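Protein chains in written order, with our numbering: chain A, 127 to 540; chain B, 127 to 540; chain C, 28 to 199; chain D, 28 to 199. The beta-carbon is built from N, C-alpha and C at its ideal position, and this holds for glycine as well. Quick caveat: nothing in here was measured; it's all calculated off a predicted structure. One structure is given below, encoded as structure tokens.
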Amino acid sequence: MDAPIHNLKKRLVREARTDFPILHTTVNGRDLVFLDSAASSQKPRAVIDCINTYYREQNANVHRGVYSLSQTATQLFEDSREKVKDFISAKHSREVIFVRGATEGINLVAQSFGGKFFKPGGEIILSQLEHHSNIVPWQMIAEEKGMKIRVVPINSKGELMMDALEDMLSEKVQMIALNHISNALGTINPVKEISALARRYDIPVLIDGAQATSHGEVNVQELGVDFYVFSGHKMFGPTGIGVLWGKEKWLEAMPPWQGGGEMIETVSFEKTTFNELPFKFEAGTPNIAGSIALGAAIDYIGQFDMLEIVKYERELLKYATEKLKEIPGLRIYGEAAEKASVISFLIENTHPYDLGILLDKMGIAVRTGHHCTQPLMDFLGIPGTVRASMALYNDQNDIDRLVDGLVKARQMLT
Amino acid sequence: MDAPIHNLKKRLVREARTDFPILHTTVNGRDLVFLDSAASSQKPRAVIDCINTYYREQNANVHRGVYSLSQTATQLFEDSREKVKDFISAKHSREVIFVRGATEGINLVAQSFGGKFFKPGGEIILSQLEHHSNIVPWQMIAEEKGMKIRVVPINSKGELMMDALEDMLSEKVQMIALNHISNALGTINPVKEISALARRYDIPVLIDGAQATSHGEVNVQELGVDFYVFSGHKMFGPTGIGVLWGKEKWLEAMPPWQGGGEMIETVSFEKTTFNELPFKFEAGTPNIAGSIALGAAIDYIGQFDMLEIVKYERELLKYATEKLKEIPGLRIYGEAAEKASVISFLIENTHPYDLGILLDKMGIAVRTGHHCTQPLMDFLGIPGTVRASMALYNDQNDIDRLVDGLVKARQMLT
Amino acid sequence: MRCCLDERKDVIRRILVGTFKWSNKDKFMETIEQIQDEIIEDFSLFDDWMQKYEYIIELGKSLPLIEEEYKKDEFLIRGCQSRVWMRAERKGDRMFFKADSDAIITKGLIALLIKVLSGHTAQDIAQADLYFIDRIGLREHLSLTRSNGLASMVQQMKRSTTLVYSGKQEEN
Amino acid sequence: MRCCLDERKDVIRRILVGTFKWSNKDKFMETIEQIQDEIIEDFSLFDDWMQKYEYIIELGKSLPLIEEEYKKDEFLIRGCQSRVWMRAERKGDRMFFKADSDAIITKGLIALLIKVLSGHTAQDIAQADLYFIDRIGLREHLSLTRSNGLASMVQQMKRSTTLVYSGKQEEN
Ligand SMILES: Cc1ncc(COP(=O)(O)O)c(C=O)c1O
Ligand SMILES: Cc1ncc(COP(=O)(O)O)c(C=O)c1O
């Protein structure tokens, strides 16, 4: 993409927009303004083409074929695992388990790790900020095991109350599961600090990184966590693929969760032995094209300087926050000091749904509702918000269009 | 694809080959001969283009967005569920659960249905023909519950011994899980007959249809089974998507398996209620592109007359069987009266692996090894076979190339 | 263009001055089809989405509200992003609906549904083919997504009718 | 072309008449690199896959077999579609390998590996960069698939060497 002489230099983030075909389509006669990347990001040409090429030239089942196509597919598939490993700075690629998405990753840990290690009377710490995917799997295993869920409260800015978290720690706690970035409020949680606290009691920490991987560097070793999960579709990759990373010592100790092809070493009706990591946790034919295209998404992100992405999105967030605040009656939910490019808001005397419908008519896609964080909405005492979430392909024009749209919608509704 | 005047007529199966881009590539300098469709089929242009279009023009997360893209994506996603419903003649589309593949479908039933209904001392009936994916999940739940696995034996032709199966039936049996078509031997099992037997004792029947859906009509109601699973990637669809179909009464009675977004009705830390079918079993963002492209694969198959596909493949099987038998020392495993287009064989004094490597050098892709059916291989007293499996895009030329290749490889090896 | 504008204003005025027919109590002779056709005609006056939605919003504002006592979970319609409470009542051989929602566009849409269905017999309601939704360009609200509830509302109105008639819900 | 054919035949003959060096017992001065370069030269004579594989098959047929007592699961290398048994022995400060497989091409590949590594010191083996595999066009056998085991074999040879040296396996 770069001329050879530039290939040490990273591409500029503000050039990214042209890479995404869908951003150049129209909706209801208007150029699309896509502000729902926190739900699912759009895909760059490189990722789409990767899938295309895979099915046109490389497709075959992996791992067991001796023929060239299968060798190629396997190589691409395992290369992708290697890319994931580097992307999150994991120690070994065998710690990288391909799953359907963050949700499946959390379920795998809750059921396999929890099934083996959780004890009745124990506690699981979650927070008021969590996505349903990081609540329900824990509720299910907690009920099965007779455990208690404890919830870290948040302050008025939408930040975790670290004192409260610290007070909850004890020998009884058997897991801390928190998101890295809140999808509803944008809060970036102090994961490193939390895992340092957890270490005092040897409590394993799972981080739901669904919102984090396309918005800043993730280094699982530096974060000091035990498990980290994320979804490909939220980081410019395809749907149906995600990653569970876990420390080798845990993954080794955990029993397999799903049984089937790929995850076995030998099978007989008398005795079945399981394969080594990572295959032990990858039963059945994996999402091969999805895994490979996730690698393409990582390559895509790698063209940019991660710090520049952070800086760019932070500026966009600042711009959007200032502009939105000018709208009469608009109130922003979530004003954490460390905040990702997500803005949740309400406008007095309007319903999020009405705003969403009218914005859509103007070609502007935002999310409305509870964002799969009902406990957070209950806590805030609202049924939902309008949420505009940005990625590296958004720009000030998108924000201007949003603000104009809101002004118009507000006029119509009030 | 057809001229309008022909649009009542189905396309001819022998025209299918041109629809598959990968079949027109070369491997090791030779035109590719792909004979490993039982592991994973190739994809027609219509399916590849569907994915392409989805990501270029329609991509958004489903079910919760009020904006147009999300509406479109949701509509396409649910349309696809409808297509699946029609394809297998299910009663309701809410009985169609999207999963990663056959393996995940079986695990879901084993853990959710088995977890709730299986009782210690009970029995699960499998067969000697099963794929690991239809063995290991049952072994895992059987161990947890203290149950016994019973194995239906096969005769020398590779057919289930129905008398033995009948003798095994009793009140103790809590599940019969068998494949529709054996991936290793090609045997087509008498599913209808089996479910009639099972009904006498009210035993639920799960059929692993991974090998069946692209080779003949599947009508779950006529088959009279309780659960049916299959994988998209084996029926011209993408990887990472498959279907669990279950009778509504069972799915309603089963507890959710994975927790997370999509599968809930309301969430609070005190009490979570689950969504209705099919969403109860679809936690997290689904493989949206995959599901939609599975619909495209079903449309693709629908262009042809299913009976003609069956006839075409049967003729190809007959041709291949005759030709292969002319090779000295070649022995075919699996000679069921009802047999799909799969041929497993060995050549005296050669190892399958050696044959596979040499065939690959001649551009011919076959599978070698145990085909994830180790108990079957143990039963046959062999470590594995060479397997040539055909789909509607194969032709006599493919078979001729295979036979020539084998003759040459045999010369080199013996 | 002037004429159109005037006509449009007239429609809006009809709503505002309360001449818009909320149900067919008085005019039993009008069929579900006829009402739908009138709505389609009304909507044909609008040539962009803004006018259409302004109209829907106005309709929403003028919807006869459901009594507070019925704004309980048991009257909530599942499957809507906005909350919708709906109450079906039988009077003689005819059904009447009241509803409310916290979102105004939803209210407007319900208003249209009520206008079409309220005051008809159970049989007519059960058999009604609501083609007007598509024809006035609101098909997007009929989609299968669980956030847009027009389909759920229609379903619920038909279901309540059946329930009321089978005696499972009290009569008024 | 005649010359080439003759040379090729000569290579084959060398194998068949047993002059092919199975290990470097006698010739300690040859480094792992030198042996690899010889193999690369041998393979440069072949101009198609058939000749190359015929050669590998011949190599496989002439591989000194492992004793039956070592054809047990504990000597089996994981990760191969064909079964491979391998035995590492220490003699003085050098390592020697014997192996067998049920597949002939696998045997031929092991024969090459043994030729390169057998008779060297633990340190040399541990540090060996086996570039010849790629250079003679057999990279396909190095892939990560669990069916093609060349990578597993290399790994196992290195691992056995470490084990033998750390005393975890008996010496001969
Ligand atoms: C008979 C049979 N059952 C189950 C499976 C598993 O399917 P998947 O790997 O797509 O989950 C396969 C394919 O490998 C199969 O052939
Ligand atoms: C914070 C957070 N966690 C978990 C998830 C679930 O991810 P997925 O639906 O891809 O499994 C999401 C996305 O919806 C999210 O935003």
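Residue from the options whose Cα sits closest to the Cα of residue i
{"i": "isoleucine 469 of chain A", "options": "A/Arg326, A/Ala338, A/Gly363, A/Met516", "result": "A/Met516"}
{"i": "methionine 77 of chain C", "options": "A/Gly489, A/Ala514, A/Gln500", "result": "A/Gly489"}
{"i": "threonine 392 of chain B", "options": "A/Leu403, A/Ala422, A/Leu502, A/Arg326", "result": "A/Leu502"}
{"i": "aspartate 425 of chain B", "options": "B/Pro509, B/Ile251, B/Ser340", "result": "B/Ser340"}
{"i": "methionine 538 of chain B", "options": "B/Ala186, B/Gln522, B/Leu518, B/Asp480", "result": "B/Asp480"}
{"i": "glycine 366 of chain A", "options": "A/Arg226, A/Ser194, A/Val192", "result": "A/Arg226"}
{"i": "threonine 411 of chain B", "options": "A/Leu485, A/Ser167, A/Arg137", "result": "A/Ser167"}
{"i": "glycine 87 of chain C", "options": "C/Phe70, C/Ile132, C/Ile104, C/Ile59", "result": "C/Ile132"}
{"i": "proline 147 of chain A", "options": "A/Arg140, A/Arg156, A/Ala172", "result": "A/Ala172"}
{"i": "glycine 231 of chain A", "options": "A/Asp334, A/Pro454, A/Phe362, A/Trp376", "result": "A/Asp334"}
{"i": "alanine 115 of chain C", "options": "C/Ser128, C/Gln108, C/Gly146, C/Gly135", "result": "C/Gly146"}
{"i": "lysine 397 of chain B", "options": "A/Ser196, A/Arg513, A/His258", "result": "A/His258"}
{"i": "arginine 162 of chain C", "options": "C/Glu85, C/Lys185, C/Glu96, C/Glu68", "result": "C/Glu68"}
{"i": "isoleucine 59 of chain D", "options": "D/Thr188, D/Gln183, D/Lys142, D/Val191", "result": "D/Lys142"}
{"i": "glutamate 65 of chain D", "options": "D/Ser187, D/Phe159, D/Gln182", "result": "D/Phe159"}
Euclidean distance between Cα positions of residue i and residue j
{"i": "arginine 173 of chain C", "j": "arginine 276 of chain A", "result": "The predicted model places arginine 173 of chain C with a pLDDT of 48, which falls under 50 and marks its position as unreliable; any figure quoted below should be read in that light. Looking at the two C-alpha atoms, the distance is approximately 31 Å."}
{"i": "isoleucine 85 of chain A", "j": "glycine 531 of chain A", "result": "Residue 85 of chain A is absent from the structure shown; chain A starts at 127 and stops at 540."}
{"i": "asparagine 51 of chain D", "j": "arginine 190 of chain A", "result": "In this predicted model, asparagine 51 of chain D has a pLDDT of only 47, less than 50, meaning its place in the structure is not dependable enough to derive any value."}
{"i": "methionine 113 of chain C", "j": "alanine 126 of chain C", "result": "4 Å"}
{"i": "threonine 511 of chain B", "j": "methionine 294 of chain A", "result": "59 Å"}
{"i": "glutamate 374 of chain A", "j": "glutamate 221 of chain A", "result": "6 Å"}
{"i": "leucine 72 of chain C", "j": "glycine 240 of chain B", "result": "60 Å"}
{"i": "alanine 130 of chain D", "j": "glycine 164 of chain D", "result": "20 Å"}
{"i": "glutamate 343 of chain B", "j": "valine 111 of chain D", "result": "43 Å"}
{"i": "valine 44 of chain C", "j": "isoleucine 280 of chain A", "result": "With a pLDDT of 44 at valine 44 of chain C, under the threshold of 50, the modelled position of this residue cannot be trusted; read the value that follows with caution. If you take the alpha carbons of valine 44 of chain C and isoleucine 280 of chain A, they lie about 49 Å apart."}
{"i": "alanine 236 of chain A", "j": "arginine 325 of chain A", "result": "19 Å"}
{"i": "leucine 138 of chain A", "j": "isoleucine 427 of chain A", "result": "11 Å"}
{"i": "methionine 180 of chain D", "j": "glutamate 461 of chain A", "result": "57 Å"}
{"i": "tyrosine 327 of chain B", "j": "isoleucine 483 of chain B", "result": "49 Å"}
{"i": "proline 509 of chain A", "j": "isoleucine 93 of chain C", "result": "20 Å"}
{"i": "valine 210 of chain B", "j": "glutamate 408 of chain A", "result": "25 Å"}
{"i": "phenylalanine 160 of chain A", "j": "serine 128 of chain D", "result": "59 Å"}
{"i": "valine 153 of chain A", "j": "isoleucine 174 of chain A", "result": "21 Å"}
{"i": "lysine 169 of chain B", "j": "alanine 153 of chain D", "result": "44 Å"}
{"i": "tyrosine 438 of chain A", "j": "alanine 466 of chain A", "result": "11 Å"}
{"i": "lysine 444 of chain B", "j": "tryptophan 376 of chain B", "result": "41 Å"}
Closer than 9 Å at the beta carbon, the chain A residues around residue i
{"i": "methionine 287 of chain B", "result": "Per Cβ cutoff of 9 Å: no residues; methionine 287 of chain B is ~16 Å from chain A at best."}
Amino acids of chain B, ordered along the chain, whose beta-carbon sits closer than 7 Å to that of residue i
{"i": "glutamine 108 of chain D", "result": "Tyr479, Thr494, Gly495"}
{"i": "glutamate 101 of chain D", "result": "In chain order: nothing, as chain B lies at least about 18 Å away."}
{"i": "valine 393 of chain A", "result": "His258, Ile261, Val262, Gln500, Pro501"}
Contacts that residue i makes with chain C (C-beta to C-beta distance below 8 Å)
{"i": "leucine 539 of chain A", "result": "Ile84, Ile131"}
Within chain D, partners of residue i - CB distance below 7 Å
{"i": "isoleucine 483 of chain B", "result": "Ile132"}
Closer than 8 Å at the beta carbon, the chain B residues around residue i
{"i": "tyrosine 80 of chain D", "result": "Ile483, Leu484, Lys487, Met538"}
Cross-chain neighbours of residue i in chain C, by beta carbon under 9 Å
{"i": "asparagine 154 of chain A", "result": "Trp76"}
Per-residue contacts from residue i into chain A (C-beta, under 7 Å)
{"i": "glutamate 183 of chain B", "result": "Ile148, Thr151"}
Should the segment 380 to 391 of chain A be regarded as contacting the segment 242 to 250 of chain B, the criterion being three or more beta carbon pairs within less than 8 Å?
-> no
Contact between the segment 343 to 361 of chain B and the segment 369 to 383 of chain B: three or more CB pairs below 8 Å?
-> yes
Stretch pair the segment 204 to 211 of chain A + the segment 409 to 427 of chain A: three plus CB contacts closer than 8 Å | Taking 8 Å as the limit for Cβ pairs, the verdict is that the segment 409 to 427 of chain A does touch the segment 204 to 211 of chain A.
Are there three or more Cβ pairs, one per stretch, closer than 8 Å when the segment 297 to 304 of chain A is compared with the segment 250 to 267 of chain A?
-> yes
Does the segment 520 to 535 of chain A come close enough to the segment 151 to 168 of chain C to have 3 or more Cβ pairs within less than 8 Å?
-> Remark: fewer than three beta-carbon pairs, one from each stretch, lie closer than 8 Å, so the segment 520 to 535 of chain A and the segment 151 to 168 of chain C are not flagged as touching.
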